[in-house]
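Heads up: the protein sequence lines correspond to chains S and U, in order. When you read off a place in the first sequence, starting at 1, and then add 786, the result is the number in this note's numbering. When you read off a place in the second sequence, starting at 1, and then add 786, the result is the number in this note's numbering. Glycine included, every Cβ here is placed at the ideal spot set by N, Cα and C. Comments concern the structure below.
Protein chains: 2
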Amino acid sequence: MNLKQLSAKLQLSQTTVSRALNDYPEVNEATRVRVKRAASKFNYQPNIRATSLATGRAKAIGHIIPINSSEVFNPIFAEFIAGASQAYSKRGYELLLTTTESNTEESVYRTIASKGSVDGVIVHAPRFKDSRISLLQELNLPFVIHGRDYSNTGDYSWIDINNRQSFYQATKLLIDLGHTRISLINGVETLNFARRRLMGFTKAMTDAQLTLDQNILFNGDLTEANGYHAATKALAFKNPPTAFLVSSYMSALGVRRAIHNANLQMGVDVSVIIHDDELSYFHNTGDVPQFTATRSSVMEAGMLAAEMLLSIIDKPETAPLTKLLEARLTIGASTGPNRSDT
Amino acid sequence: MNLKQLSAKLQLSQTTVSRALNDYPEVNEATRVRVKRAASKFNYQPNIRATSLATGRAKAIGHIIPINSSEVFNPIFAEFIAGASQAYSKRGYELLLTTTESNTEESVYRTIASKGSVDGVIVHAPRFKDSRISLLQELNLPFVIHGRDYSNTGDYSWIDINNRQSFYQATKLLIDLGHTRISLINGVETLNFARRRLMGFTKAMTDAQLTLDQNILFNGDLTEANGYHAATKALAFKNPPTAFLVSSYMSALGVRRAIHNANLQMGVDVSVIIHDDELSYFHNTGDVPQFTATRSSVMEAGMLAAEMLLSIIDKPETAPLTKLLEARLTIGASTGPNRSDT
DNA sequence: GAGGAAATTTAAAGCGCTTTGGATGATTAC
DNA sequence: GTAATCATCCAAAGCGCTTTAAATTTCCTC
């Protein structure tokens, strides 16, 4: 059923039917009711391709997921996208998902822009100095970044958590518990969030006049395996850390495994604080959660990011919008006072 | 830059330019070269909405992800989709992602069909008796199911792993190792894969004349937390299981936690076999992998499913296509002979 | 070198929608 | 009673592409 057929059935022009359905004022209320009733009776849905061709708006948002050979598909992206998706459906937008390897990234953005398949994009996993920002500005495609560029605080919209502050607080808690040798198991170092977390960590350490030991600072994809390897290596030192600060629940599961393998008890012999993105499959819940954590729902961030982007598309003059989310520090079972002799 | 402008620049008709770009035969080779060169020079990309309006093909595939209040976003879906996405980009298709709660599911499918936003869909997480199959047949929308309907083996395309066989083999291995009390930690029972795995498990048990204890058969979302709770409960029985068969790596991490908490050693006191979807964030690798597992890459399944669907769209007469993937049983460190007295 | 076939190109219609620029009555104002 | 105003409705153009039908050019053949 298309517009033409529907309007034939109603003995009305396409114009009137279209206007009735889109709530334009210049149509009699009685006919509007009649039209809407017929539309739902015949389950008429305007063809979105035709609509978007006529209006020039794609009614779709693009998410371009970077995929390295190593980091394949981060569950954190997935959850963020699930959040965004809900915001889109509410507003009648579609979500276009593209994966890309880093070497083809720029051309993917260019293609998407010139094909006109989306009205805007969400940028995932911003790097230290991210060329995508200027690219998108050049392409004149509205966007919101999940995270920020580290070097460029300029004119663009973003949503981010306060990584620095969270990791500062978490580190300070560990220090207050008497820990002095703290291992940081962080994300890939080129990523912006990892830099900011390192900054918060470093600040707390130097504030307390503790020195950093590069040997127990780790960077890598936030997988279980990487967490395990890093923690195993750290614990094997003659002077092992008494505490770990871990950038994700997933790598923390690997850290937990390493601690158990070393015949140590988490929360007693070794303390652990994680950043908890509140992934639905790895949620750190319970009266006393397993891990002490800085928490922030990445799904909610996805929803907010989507809403921001849609509002920018509606009213470009309001851009840039920014939003900084604070993580909540929650005490769980994985932290305790330093019991080592040192 | 659009077709009109491009053809004006080339002093050719839109027809010829369009044909040149789409490799139609009725255009002089020299002009084709000239056109293509100009197209790439001006970075011309046909507007996909216009193209699809003209051709009647959306050049997009829909993935509709069911989201319960409990199960939010399964990393397995994510990885499957990442695989599919690669197949789509190769063929110039877009991937449309929609999330839906189960109560609005049917209307989401209907809407997608009548809006004409996609040429086909992939159906995720088929249930025991899944109404989506007949719905999609009625809507005349090509589809491929990741999994199968349990009750309906009829006329539709699917790709699935041999769940029954895998779990039969895994169970048999445990039995051969002397285990008689085996706990099954499975997915949500309405889902087809969980049924089939249960069947394989049951067959191996009854073949060996062992009785099933309903108290140590668990169903639920395949989260870490659920794995932990199930295993903790099972191990608390007066007569605890000596082995676990676990439907995912993620819940197995919870099982591992429960085993440690009970002061038992995995692979020595308690054996564990998992099904490993080879998720990139939770890959069970190494010379001797942590877990003994039945393995099958869900990302590869996504890629294959996508290719199947595209081929069905190209040549509808070849449907239905089906593909059964065998999982590989790999011995890891989590299994050993039964050492209990029973 | 004329006739016909083959190769190459083009004009124009059409995909399903929105939107501009009228039309057509009905209503109001004087 | 006529002009001006409103409320409704409609015909037709246009979004950017593909494709049909037709025109033009080139190439053979004898």
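Taking 8 Å as the CB-CB limit, is residue i close to chain S?
i	result
residue 1039 (chain U)	yes
residue 1078 (chain U)	no
residue 1015 (chain U)	no
residue 1071 (chain U)	yes
Just the C-alpha distance for residue i and residue j, rounded to the nearest angstrom, thanks.
i	j	result
residue 1089 (chain S)	residue 864 (chain U)	17 Å
residue 1023 (chain S)	residue 959 (chain S)	24 Å
residue 1007 (chain S)	residue 1015 (chain S)	12 Å
residue 811 (chain S)	residue 803 (chain S)	12 Å
residue 1137 (chain S)	residue 1045 (chain S)	Residue 1137 (chain S) lies beyond the stretch modelled for chain S, which goes from 787 to 1128, so this question has no answer here.
residue 912 (chain S)	residue 848 (chain S)	16 Å
residue 1082 (chain S)	residue 1029 (chain S)	22 Å
residue 949 (chain U)	residue 844 (chain U)	34 Å
residue 883 (chain U)	residue 986 (chain U)	33 Å
residue 878 (chain S)	residue 788 (chain S)	19 Å
residue 860 (chain S)	residue 947 (chain U)	23 Å
residue 963 (chain U)	residue 1002 (chain U)	19 Å
residue 996 (chain U)	residue 1010 (chain U)	29 Å
residue 871 (chain U)	residue 918 (chain S)	21 Å
residue 1048 (chain U)	residue 1109 (chain U)	42 Å
residue 970 (chain S)	residue 1031 (chain S)	5 Å
residue 905 (chain U)	residue 1099 (chain U)	7 Å
residue 1057 (chain S)	residue 1085 (chain U)	36 Å
residue 852 (chain S)	residue 862 (chain S)	13 Å
residue 798 (chain S)	residue 933 (chain S)	51 Å
residue 984 (chain S)	residue 1124 (chain S)	22 Å
residue 808 (chain S)	residue 876 (chain S)	16 Å
residue 834 (chain U)	residue 881 (chain S)	15 Å
Would you kindly report the start and end of the unbroken alpha helix (DSSP H) that includes residue i?
i	result
residue 861 (chain U)	861 to 876
residue 803 (chain U)	800 to 807
residue 1097 (chain S)	1084 to 1100
residue 897 (chain U)	891 to 901
residue 962 (chain S)	949 to 962
Name the two residues that bound the continuous beta strand (DSSP E) containing residue i.
i	result
residue 849 (chain U)	846 to 852
residue 1109 (chain U)	1108 to 1111
residue 1045 (chain S)	Run containing residue 1045 (chain S): none in the beta strand (DSSP E); it sits in the alpha helix (DSSP H), 1035 to 1047.
residue 1032 (chain S)	1029 to 1032
residue 929 (chain S)	929 to 932
residue 1061 (chain S)	1057 to 1062
residue 998 (chain S)	That residue, residue 998 (chain S), is in no beta strand (DSSP E); it is neither H nor E in DSSP.
residue 1013 (chain S)	Taken as a continuous stretch (DSSP letters only), residue 1013 (chain S) belongs to no beta strand (DSSP E), being part of the alpha helix (DSSP H) at 1010 to 1021.
residue 1079 (chain U)	1078 to 1081
Would residue i pass as an interface residue toward chain U - the criterion being a Cβ-Cβ separation below 8 Å?
i	result
residue 831 (chain S)	yes
residue 901 (chain S)	yes
residue 868 (chain S)	yes
residue 1116 (chain S)	no
residue 853 (chain S)	yes
residue 928 (chain S)	no
residue 1004 (chain S)	no
residue 1018 (chain S)	no
residue 896 (chain S)	yes
residue 1104 (chain S)	no
By the criterion of Cβ-Cβ separation under 9 Å, what are the contact partners of residue i in chain U?
i	result
residue 884 (chain S)	871, 874, 875, 880 and 881
Below 8 Å on C-beta distance, what does residue i contact in chain U?
i	result
residue 1010 (chain S)	1039, 1067 and 1068
residue 1046 (chain S)	1046
Which residues in chain S have a C-beta closer than 8 Å to the C-beta of residue i? List them in chain order.
i	result
residue 838 (chain U)	835
residue 844 (chain U)	835
Could you name the residues of chain U that residue i contacts, counting a contact when the two beta carbons are closer than 7 Å?
i	result
residue 1036 (chain S)	1067
Give the interface partners of residue i over in chain S, defined as CB-CB distance under 9 Å, in chain order.
i	result
residue 1121 (chain U)	Those within 9 Å of residue 1121 (chain U) in chain S number zero; the least Cβ separation is about 17 Å.
What in chain S is Cβ-close to residue i, meaning under 7 Å?
i	result
residue 859 (chain U)	864, 865, 868 and 1066
Handout entry: Segment contact flag, the segment 970 to 986 of chain U with the segment 1103 to 1113 of chain U, C-beta cutoff 8 Å, min 3 pairs
Key = No: the two stretches stay apart, fewer than three of their Cβ pairs being nearer than 8 Å.
Practice task
May I ask you to verify whether the segment 1027 to 1037 of chain U touches the segment 825 to 833 of chain S, counting CB pairs closer than 8 Å and requiring at least 3?
Solution key: Fewer than three Cβ pairs drawn from the segment 1027 to 1037 of chain U and the segment 825 to 833 of chain S lie within less than 8 Å of each other, which leaves the two stretches out of contact.
Handout entry: Contact the segment 865 to 873 of chain U vs the segment 888 to 897 of chain U: 3+ CB pairs below 8 Å
Key = By the Cβ criterion, the segment 865 to 873 of chain U is not in contact with the segment 888 to 897 of chain U, since fewer than three pairs of Cβ atoms, one from each stretch, lie closer than 8 Å.
Exercise for the section: Inspect the CB distances between the segment 1050 to 1060 of chain S and the segment 989 to 1006 of chain S and report whether three or more fall short of 8 Å. Expected result: The segment 1050 to 1060 of chain S and the segment 989 to 1006 of chain S do not touch, with fewer than 3 CB-CB distances between them shorter than 8 Å.
Practice task
Mind the definition here: the segment 790 to 803 of chain U touches the segment 1071 to 1087 of chain S only if three or more C-beta pairs lie below 8 Å; say whether that holds.
Solution key: No: the two stretches stay apart, fewer than three of their Cβ pairs being nearer than 8 Å.
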